[in-house]
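**Student:** In our numbering, the protein residues as written are 4 to 258.
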Ligand code: HEC
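#1: Among 155, 133, 123, which one has its Cα closest to the Cα of residue 40?
#2: Using 8 Å as the threshold, is the segment 73-87 in touch with the segment 230-245, meaning 3 or more CB pairs across them?
#3: Buried or exposed: residue 12, going by 16 or more other Cβ atoms within 10 Å of its Cβ?
#4: When the Cβ atoms of the segment 136-152 are set against those of the segment 107-121, are three or more pairs found closer than 8 Å?
#5: Can you pull the DSSP bridge partners for residue 227?
#6: When the Cβ atoms of the segment 198-212 are set against those of the segment 52-66, are three or more pairs found closer than 8 Å?
#7: Hey, is the segment 25-35 in contact with the segment 215-234, meaning 3+ C-beta pairs nearer than 8 Å?
#8: Indicate the three-state DSSP secondary structure (helix, strand or coil) for residue 5 in the structure shown.
#9: Indicate, with yes or no, if the ligand HEC has a heavy atom lying under 6 Å from the CB of residue 97.
#10: Output yes or no for whether 7 Å exceeds the beta carbon distance between residue 23 and residue 46.
#11: Is residue 184 helix, strand or coil when you go by DSSP?
#12: Could you compute how far the alpha carbon of residue 8 sits from the alpha carbon of residue 182?
#13: If you check the beta carbons only, do residue 3 and residue 43 fall under 7 Å apart?
#14: Where residue 145 and residue 192 are concerned, what is the direct C-alpha to C-alpha distance, given to the nearest angstrom?
#15: Measure the C-alpha to C-alpha separation of residue 6 and residue 67 and round it to an integer number of angstroms.
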């Protein structure tokens with residue numbers, strides 16, 4: 004029977020989160036670093052929403068509804084070919100979900116640290132003044148976390164596809180588009196006014212943040228502590244003749 008399990012904010016979150024993470028991987032390039040950073044911060048806003056949603060959202064989206072006990076996991080694994088149904092997340096999916104949120108948060112935090120330390124940009128750009136600037140550990144953590152995230156995404160998609168093969172009647176894959184699963188017992192969720200407001204508020208913050216960052220790339224979260232130098236303006240000849248090898252403008256020779 005049709006049961007409304009994933010409300011609109013849950014589905015919108017899911018697709019914004021998936022798209023943003025895809026964009027973060029696509030902008031993993033030195034020339035696109037500013038965009039990469041904007042996307043990273045905006046994913047942090049999405050995570051903030053998901054945190055509150057996990058506490059005060061509708062039943063199946065709450066962390067308290069995630070069956071995380073070892074007992075539940077064992078039961079899930081021993082019933083994997085039978086037809087025990089889960090209205091919300093099954094235990095394996097719940098572990099992957101929690102891991103995804105934690106790893107994404109660590110990826111963003113290590114990303115902001117790398118951005119500040121190695122690029123001298125953003126909130127933590129002052130760390131580039133100190134002995135930290137020789138440190139590459141945060142970049143390594145950032146890369147490690149993002150690799151871990153890819154593994155979790157593969158696990159997530161693998162889980163969805165195997166669910167599709169083993170329990171097609173539940174319509175789990177469709178449910179992230181439509182909100183509806185097909186269950187033996189009807190279980191519907193409905194949002195209260197507070198939950199609607201929470202979803203709406205975060206969506207507005209998310210959109211405003213993107214608009215603000217794209218139109219205002221000199222903001223505190225992105226700005227470099229260095230002044231860009233236009234070598235061409237200082238000495239065009241230097242740029243055309245020497246810049247292929249010398250990256251720094253030798254003002255003491257070329258005054
Ligand atoms: C093909 C690459 C290349 C190009 C083009 C080039 N240089 Fe150099 N330059 C070098 C190398 C290599 C050194 C030696 C660096 C060293 O010893 O550390 C050097 C050294 C120098 C030095 C001495 C620096 C020092 O600290 O003693 C000066 C001055 C210099 N270049 C000026 C220029 C100027 C001016 C131009 C443009 C007209 C130019 N170079 C173009 C490769 C290049």
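Ideal Cβ positions, reconstructed from N, Cα and C, are used throughout, including at glycine.
**Tutor:** Based on what the coordinates show:
#1: In terms of Cα proximity to residue 40, the closest of 155, 133, 123 is 123.
#2: no
#3: buried
#4: Below 8 Å, enough C-beta pairs join the segment 136-152 and the segment 107-121 to call them touching: three or more.
#5: 124, per the DSSP bridge assignment.
#6: yes
#7: no
#8: strand
#9: For the ligand HEC, not one heavy atom lies less than 6 Å from the Cβ of residue 97.
#10: yes
#11: strand
#12: 6 Å
#13: Lying outside 4 to 258, the shown extent of the chain, residue 3 is not represented and no answer is given.
#14: Rounded to the nearest angstrom, the two C-alpha atoms are 37 Å apart.
#15: Residue 6 and residue 67: Cα-Cα distance of roughly 20 Å.
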